[in-house]
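Structure first, then comments.
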């Protein structure tokens with residue numbers, strides 16, 4: 001068996017076509033559970049951080 005193909009991101013086993021990008025239903029379910037339980041998180045940009053960014057508009061000369 002060739003080891004050149006893609007590997008499951010959870011366990012490293014060869015990817016199964018029907019569960020791509022995972023090797024099995026179990027690994028696909030584990031990944032889904034991690035998303036649903038909050039283990040995986042995509043950080044969001046906080047609006048209050050915008051106040052820390054200087055205004056790009058040049059000051060008006062009076």
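Residue numbers (the numbering used here): 1 to 62.
Ideal placement from N, C-alpha and C gives every residue a C-beta, glycine not left out.
Apart from the five residues on each side of it in sequence, which residues of its chain come closer than 6 Å, Cβ to Cβ, to residue i?
i, result
"residue 32", "none"
"residue 6", "15"
Buried or exposed for residue i, please, with buried defined as at least 16 other CB atoms from any protein chain shown within 10 angstroms of its CB.
i, result
"residue 8", "buried"
Do residue j and residue i have their beta-carbon atoms positioned less than 7 Å apart in this structure?
i, j, result
"residue 40", "residue 28", "no"
"residue 23", "residue 30", "no"
Given residue i, which residues of its chain have a CB within under 7 Å of its CB, disregarding the five upstream and five downstream residues?
i, result
"residue 25", "19"
For residue i, which residues in the same chain have their Cβ closer than 8 Å to its Cβ, ignoring the five residues on either side in sequence?
i, result
"residue 1", "Unreliable placement is indicated for residue 1, whose pLDDT of 49 sits below 50; no coordinate value is reported for it."
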